[in-house]
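In this note's numbering, the protein residues as written are 572 to 1040. Ideal Cβ positions, reconstructed from N, Cα and C, are used throughout, including at glycine. What you are looking at is a predicted structure, and each value in this text was computed from that prediction instead of being measured. Written out below as C-alpha cells is the structure these notes cover.
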C-alpha cells in the first residue's frame, strides 16, 4: 500500500496488529497537521506509527468507568488492552453491555494515549469502532500475524539504529529502500523520543517468538517484557537486522514457531498489514492472566459491527480466578482523572468507519411442495433435479446479478479469489469488481473486507493485498 493510501486527512488508516506489552510502553502521540480531519498517531518504541489497531484476545472484564462509559479489558498473550466505549461508540457499548466474559473477541479501533493533569503516567487505550466475538482459531491467527509484524519491525528498527542518519534524513532513506511509509515515519520519531536500544529490541524479539511458540504448543506462557525502551545491555544489531519473516510463517496445519523467526527474503520491506495468517488453535493466554479453552468454535460471523458472532460453538473459560499481574483495580482512577477521561471520550469523537453495515442478503428459498404425500419422495427428488436444471439454464441468460441476489461478504471473497494472481488480490481490484457487480458503495465493500479479515476468511501478505484462507 502506498504512502498516500496509508494516511492523511480524510483517508482511512490501516489497522495494525500490536501486542499489548509494546502498546503499554507507548507514551508519545502526535498529528502531522492542523487539518480538522488529520489523523492522530501514536508511535511505539519499535517505530510503528499507529492510528488504528486491530487486536484479538480474551475479554476478561467489563465495568463502568463513568456515566455512559464502559471500560473493558482484552487480554492477549503478553498483557491487556484497555478499551473505552462511550455514547459515541453505541454498537461497541451495546456489545460490552451484553457480553459475558470470558470470551474471545476482536476489536478494531483508534489507538489513544491519555495523561491526566499533574501526573507523569500515560495511559494507553483503544476507542472501539468494531467489536466482534471470535473463535480461538481467529485469536491464534491474529497472534501469529502480530508476531510476524513485530519481528519485521524489529529487524527494520535494528537496521536503522545501525546507521548514522537520523530524523528526516533517515525517514527518506527508509522510504527509498521500500519501507512502509508509516514505519519509515515512525522509526526516526521512536529513536528520538524513546531512545530505543538494541537490548529492548532483543526483548521484543523474544516476546514475539514466545507468542508464536505458545500458539504452536511449544511453550506454556510468554515471559514478560521487562526492559524499558531505553534499557542498556548487550545486543547484536546485525543479528536482529536479519530477522526477515517469510510470508508463509504460521500456516494452519502445524507450522512450528521456529518458522516464524526463520530467515526469509522480505527484501527489507516492512509493510505492516491488517490481515491474518493461519494459526493453530489451542493456545492459552498467559501473561495477561487469562487462559481460555478453545472448544470447537466455528468461524466467527456477525450481523453488524457491534453484534457477537452467533456461530461460536464453545464458550471460553478462564482457568482459576487469578488474572496475574493485572489486578481488577489496576486501571481504577481517582475522581478527577475519571472526569478527565469522561470529558476526553464523550466529546468530539469522529470515526472513519461510521457507515451502515451491508444489508442481509434477501435470497428466496423454494418452499416445500404442498400436498405431496410421504410416499412420493422419489418423484419429488426427480422434480427437484429437473427444477435445478431449469434454474441452471435460466441463470445463463440472466443479464446481471444484483446486490439482492448475492451476499456482499460472499461477493468480496469471490472477487478476492478471482483477482488473486498467486500473490494476492489488490484491494482496489476487489473494490472495483464488487462495486461493478453489485452497485454498492466502496465503503461498504471495505467494511466487508474488514469483516472477512476479522472472521479469519482471509489475510494480507502485504498491505492492501488480500488472500483468501
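For residue i, three-class secondary structure by DSSP
i: residue 816; result: Since pLDDT at residue 816 reaches only 46, below the 50 mark, its modelled position is unreliable, and the value read off the structure follows with that caveat. Note: residue 816 maps to coil in three-state DSSP.
i: residue 589; result: coil
i: residue 714; result: helix
i: residue 630; result: strand
i: residue 698; result: strand
i: residue 637; result: strand
i: residue 600; result: strand
i: residue 621; result: strand
i: residue 661; result: helix
i: residue 653; result: strand
i: residue 998; result: helix
i: residue 704; result: strand
i: residue 1033; result: strand
i: residue 892; result: Caution is warranted here: a pLDDT of 36 is assigned to residue 892, below 50, making its placement in the model unreliable, and the coordinate value is therefore given only provisionally. Coil.
i: residue 856; result: Legend: pLDDT at residue 856 = 37, less than 50; position of this residue unreliable, value from coordinates given subsequently. Looking at residue 856 - three-state DSSP - the assignment turns out to be coil, as it is neither helix nor strand.
i: residue 1024; result: helix
Contact under 8 Å by Cβ, residue i with residue j
i: residue 702; j: residue 725; result: no
i: residue 755; j: residue 742; result: yes
i: residue 674; j: residue 704; result: yes
i: residue 561; j: residue 624; result: Any property of residue 561 remains undetermined from this structure, which presents the chain solely from 572 to 1040.
i: residue 672; j: residue 631; result: yes
i: residue 692; j: residue 1034; result: no
i: residue 1009; j: residue 982; result: yes
i: residue 610; j: residue 596; result: no
i: residue 764; j: residue 612; result: no
i: residue 785; j: residue 593; result: no
i: residue 590; j: residue 787; result: no
i: residue 715; j: residue 652; result: no
i: residue 1041; j: residue 1036; result: This structure does not reach residue 1041, given that the chain is present from 572 up to 1040, and the question cannot be answered.
i: residue 684; j: residue 796; result: no
i: residue 758; j: residue 727; result: yes
i: residue 984; j: residue 1002; result: no
i: residue 621; j: residue 645; result: no
i: residue 667; j: residue 636; result: no
i: residue 687; j: residue 656; result: no
i: residue 806; j: residue 777; result: no
i: residue 627; j: residue 713; result: yes
i: residue 781; j: residue 794; result: yes
Where the beta strand (DSSP E) containing residue i begins and where it ends
i: residue 641; result: 640–646
i: residue 679; result: 674–685
i: residue 616; result: Run containing residue 616: none; DSSP gives neither H nor E here.
N-terminal and C-terminal residue of the alpha helix (DSSP H) that residue i is part of
i: residue 1036; result: Premise fails: residue 1036 lies in the beta strand (DSSP E), 1036–1039, not in any alpha helix (DSSP H).
i: residue 759; result: 752–765
i: residue 810; result: 808–811
i: residue 989; result: 979–990
i: residue 784; result: 769–786
i: residue 747; result: 738–747
Expected contact under 8 Å - CB spacing of residue i and residue j to nearest Å
i: residue 770; j: residue 798; result: 6 Å
i: residue 654; j: residue 680; result: 7 Å
i: residue 732; j: residue 779; result: The pair is not a contact, with the Cβ atoms about 18 Å apart (cut-off 8 Å).
i: residue 1005; j: residue 986; result: 5 Å
i: residue 803; j: residue 768; result: 6 Å
i: residue 658; j: residue 639; result: 5 Å
i: residue 1019; j: residue 992; result: The pair is not a contact, with the Cβ atoms about 21 Å apart (cut-off 8 Å).
Any C-beta of chain D under 8 Å from that of residue i
i: residue 748; result: The structure shown contains no chain D; it holds only a single protein chain.
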